[in-house]
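Residue numbers (this note's numbering): 523 to 749.
Yeah, the Cβ is synthetic: ideal placement off N, Cα and C, and Gly gets one too.
Remember, predicted model here, so these are calculated numbers, not experimental data.
Below: one structure, written as structure tokens.
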Ligand SMILES: [Zn+2]
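Have a look at this one:
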């Protein structure tokens with residue numbers, strides 16, 4: 523697992539060169555945001571150990587399998603770890619039918635871990651503020667680090683070869699757009715996240731982008747032009 527220190531509070535963990543999770547440093551240890559694909563628990567735990575603190579809680583941006591994939595294994599290994607999943611995606615993972623029509627993307631079929639907390643907009647997870655960011659999935663959230671303005675945007679954007687909104691196919695990384703549930707809502711979310719004026723943008727797929735405002739503006743303009 524590749525490890526990149528993005529800010530003093532944030533370490534990016536990358537598996538198989540295309541899927542990210544994040545260690546967010548708090549006074550009591552780490553919040554792990556997303557868990558990548560299945561089979562990554564050992565590597566994620568080793569990364570936290572190398573970074574020098576235990577994982578205290580696991581928060582998901584959304585329920586897709588490349589973000590929730592190692593949740594069960596981590597929960598098994600970490601016992602009392604607190605698990606936080608966005609409300610609507612938690613209900614989808616529990617087998618509830620929450621939206622009309624088919625949900626695209628890979629959803630884990632038999633996730634055993636029920637969240638301790640179903641996240642809503644405005645909740646706090648340590649230093650992170652929960653931002654509603656629906657579109658890629660119905661319940662998708664972003665996390666804004668209130669200490670330094672870093673934004674963990676999950677799959678609302680990708681950043682391979684530049685920032686892109688996941689509402690439409692852009693050739694660098696079409697997979698996230700293929701898994702997107704609602705294009706219009708994804709574009710509206712992109713605008714909401716841009717308005718937060720993040721200092722650093724980090725995402726589920728792609729490298730960290732510092733001072734991302736111009737890139738986000740271009741990405742939103744391209745997404746709107748493709749509508
Ligand atoms: Zn996704």
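Query	Result
Nearest CA to the CA of residue 739: which residue from 704, 697, 679?	679
Please report how far the alpha carbon of residue 627 lies from the alpha carbon of residue 573, in whole angstroms.	32 Å
Does the beta-carbon of residue 619, which I'm using as the reference point, lie nearer than 7 Å to any heavy atom of ligand 1?	no
Just the C-alpha distance for residue 601 and residue 664, rounded to the nearest angstrom, thanks.	25 Å
Report the start-end ranges of each beta strand (DSSP E) in the stretch 642-714 that is 3 residues or longer and not cut off at the edges.	650-654, 663-667, 672-674
To the nearest angstrom, how far is the alpha carbon of residue 594 from that of residue 561?	10 Å
Can you tell me the Cα-Cα spacing of residue 636 and residue 616, whole angstroms?	8 Å
Kindly list the residues whose CB is nearer than 8 Å to the CB of residue 531, restricted to its own chain and excluding five residues on each side of it in sequence; keep chain order.	546, 547, 649, 667, 669, 670, 672
Can you look up residue 600 in the DSSP assignment and give me helix, strand or coil?	helix
Ends of the alpha helix (DSSP H) at residue 744?	735-747
Give me the Cα-Cα distance between residue 751 and residue 607, rounded to the nearest whole angstrom.	In the structure as shown, the chain starts at 523 and stops at 749, and residue 751 therefore has no counterpart that could be examined.
Per the contact definition of three or more C-beta pairs closer than 8 Å, is the stretch 641-655 in contact with the stretch 694-704?	no
Let's test the definition: count the other Cβ atoms within 10 Å of the Cβ of residue 634 and tell me whether it reaches 16, buried, or not, exposed.	exposed
Can you tell me the Cα-Cα spacing of residue 725 and residue 674, whole angstroms?	6 Å
Could you give the distance in angstroms between the alpha-carbon of residue 686 and the alpha-carbon of residue 701?	14 Å
Looking only at C-alpha atoms, which of 556, 589, 691, 570 sits nearest to residue 516?	Coverage of the chain is limited to positions 523 through 749, which leaves residue 516 absent and any answer about it impossible.
What do you reckon, is the C-beta of residue 591 under 7 Å from a heavy atom of ligand 3?	Within the structure as shown, ligand 3 is missing, the only ligands being ligand 1.
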